[in-house]
Structure formats: structure tokens, C-alpha cells
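Undergrad: Going by the working numbering, the sequence shown opens with residue 5, and the numbers climb by one from there. Could you have a look at this structure, given as C-alpha cells, before my questions?
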Amino acid sequence: MDKLVDDALLLVEQNFYFLHVGKFFDKLSKKEDLSSKNLNVRKEYSTSQIYYFNPQVIQELLKDSYGKNEQEITLYEYFVEFNAYRGICMAMVEALRLESPFKSFMQFRLHERYEDFVDILSFVRNVLSHNIHAQIRLSEKDFDGTLKRIRRMQRNPQVHFEFLYALDLPEIGSPELDYGFTCKVDFEALDEGMEFLHVLSTWDLLMLSELCFNLVLAYRIFTSTPLR
């Protein structure tokens, strides 16, 4: 079980690194025309197993990115962000399903907010794992299980999660004293076909992802386990 938790926490970290490096390359591709570079890329597994990536596909995506402003979303940027959000939330939820010192640490640090945090992460994980709509629209299975869980526990379905780093996670340090965020999800108001980003914004997703990473970091500090 310890190995499963360790693997899940490492996956949280790796997806967070992927998100940041991916955003850097997205910004680079918007500012520099990389489509004229040598785009011949191959992966060699053995002398008889060599895979050649399609340079036309690479060039098309690079041309799509170049010259766009910071606010315009490219296909590359979209997949980097949402795959990272899904990976982080999925790994965190899996880690918290197991009875472990990490789960105990999370319950202690978040106190009464722990269940709300788990509900929001589960919702994000479900939506981004099941989605097949370009606009990321909700399916009933994305939230129905969580709503039933909330009702079973006789909790308020209007989930309100607030986090302030200076107060709640001082060992991480924050750029400003008021650095933090608030997430609100009314699970009873969710409906089939609703746009996911009307429920949680990309700001919410970024802050949730960063919090997952920082909670893992705080746990490693607490247990004196260095980052791998």
C-alpha cells in the first residue's frame, strides 16, 4: 500500500512539472516560429523497431501556435493543461482512497475542509476522464456519485472550499500574505450538458493543481522525505 501511495504522489509531482514546462513551450511556440526547424523526430526501440513522427503534423501545430497572443488557446496548450489537471486530480484522489499516513496528514491539515476538497477533486477527475465534448460538458455520472456521497454523509451539497497559504500551509511560503483561492460547487445545481468551465474556471483548476502539489511537498517536508 505504501508503494501505491508513493507512486500516486510522484504522479502528482510529475504532472505538475509537465504543466509548467508545457506552458513554457506553449509560450515559446507563440513567440518564435519553430515550424521552419528540423522537424524530423524518431523513436528507436531496436534496429527493427523505429517509429518516425510525422513532421507535417508537428509543423501544422507549430504554425497554429505562432503569432497568437497570450490569451488565445492553442491545441497544444489545451491538451497540456487539461491532461495535467486530470493527471494531478486523478493521482490525488487515488492516493486519498487508501488508508495511509498521507491521508491522515491531509485530514489533519485540512480539518473540516477535507471532504469538500476530495469532492471537488473527484468531480474534476470524473469530468476530465469521461469528457468527449470540445466544450467539456457535464455528464450525470461526473457528479451523481459525489452528490450521493454528500447526502449520505448529511453534508451541505453547496461545497465551499477556501484556502489561504499563509494561514493554512505556512511551511510552503507564499508570494503574498493573501495568496490563496476559493472554489464553490453547488452539486445539487449541476445538470447534464452544463459546461464544465462555467462551474470551475481554469484559474480554479490551476490553483487546485498547485495546492495538490504543495500538499504533497508539505507532506514530504513533514516526513523528511526529499523530492525525487
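We put the CB at the ideal spot given by N, CA and C, even for glycine. Quick caveat: nothing in here was measured; it's all calculated off a predicted structure.
Assess, as a yes-or-no matter, whether the stretch 15 to 33 is touched by the stretch 95 to 113 under the definition of 3 or more beta carbon pairs within less than 8 Å.
TA: Result yes; three or more Cβ-Cβ pairs closer than 8 Å.
Undergrad: So Gly-184 is in the beta strand (DSSP E); what residue range does that whole segment cover?
TA: From DSSP, the beta strand (DSSP E) with Gly-184 extends over 184 to 190.
Undergrad: Span of the alpha helix (DSSP H) holding Leu-114?
TA: Note, Leu-114: alpha helix (DSSP H), 105 to 114.
Undergrad: Taking only three categories from DSSP, how would you classify Ile-77?
TA: Ile-77: coil per DSSP, three-state reduction.
Undergrad: With DSSP as the reference, please indicate the residues paired to Val-163 in a beta bridge.
TA: According to DSSP, Val-163 bridges with Val-189.
Undergrad: When we look at the beta-carbon of Phe-83 and count the other beta-carbons within 10 Å, is it buried (16 or more) or exposed?
TA: Under this definition Phe-83 is an exposed residue.
Undergrad: Enumerate in chain order the residues of its own chain whose CB-to-CB distance from Ile-140 is below 7 Å, with the five nearest sequence positions on each side excluded.
TA: Cβ within range, chain order: Val-131, Glu-199, Phe-200 and Leu-201.
Undergrad: Secondary structure at Ile-54, three-state DSSP: helix, strand or coil?
TA: Correct three-state label for Ile-54: strand.
Undergrad: Within the same chain, show all residues whose beta-carbon is closer than 8 Å to that of Asn-160, passing over the 5 residues directly before and after it, in chain order.
TA: Correct list, in chain order: Ile-154.
Undergrad: Hey, could you find the ends of the alpha helix (DSSP H) Gly-26 is sitting in?
TA: Taken as a continuous stretch (DSSP letters only), the alpha helix (DSSP H) holding Gly-26 covers 6 to 35.
Undergrad: Less than 7 Å between C-beta atoms, sequence neighbours within five positions excluded: which residues of the same chain meet that for Asn-218?
TA: Excluding residues within five positions, the ones whose Cβ falls inside 7 Å are Leu-173 and Ile-176.
Undergrad: Given this structure, state the Cα-to-Cα distance separating Phe-191 from Asn-58, to the nearest angstrom.
TA: So the alpha carbons of these two residues sit roughly 44 Å apart.
Undergrad: Considering Ser-228, what are the terminal residues of the alpha helix (DSSP H) in which it resides?
TA: First-last for Ser-228: undefined, no H or E at that position.
Undergrad: Could you tell me the alpha carbon to alpha carbon distance between Ser-39 and Thr-186, rounded to whole angstroms?
TA: If you take the alpha carbons of Ser-39 and Thr-186, they lie about 40 Å apart.
Undergrad: Could you check which residue in Glu-36, Glu-74 and Leu-8 has the C-alpha nearest to that of Glu-101?
TA: Reading off the sequence shown, one finds Arg at residue 101, where the question assumed Glu. Here the closest residue by C-alpha is Leu-8.
Undergrad: Please report the straight-line C-alpha distance between Glu-196 and Glu-144, rounded to a whole angstrom.
TA: Approximately 5 Å between the Cα atoms of the pair.
Undergrad: Using 10 angstroms around the beta-carbon of Tyr-89, count the other beta-carbons present and answer buried if the total reaches 16, otherwise exposed.
TA: That one is buried.
Undergrad: Give the straight-line distance between the Cα atoms of Leu-231 and Ile-225, rounded to the nearest whole angstrom.
TA: Residue placement at Leu-231 is flagged as unreliable, the pLDDT there being 49, under the threshold of 50; the coordinate-derived value follows with that caveat. Going by the C-alpha atoms only, they are around 9 Å apart.
Undergrad: Closer than 8 Å by C-beta to Tyr-49: which residues in its own chain qualify, once you throw out the five before and the five after it? Chain order, please.
TA: Excluding sequence neighbours, Tyr-49 sits near Tyr-55.
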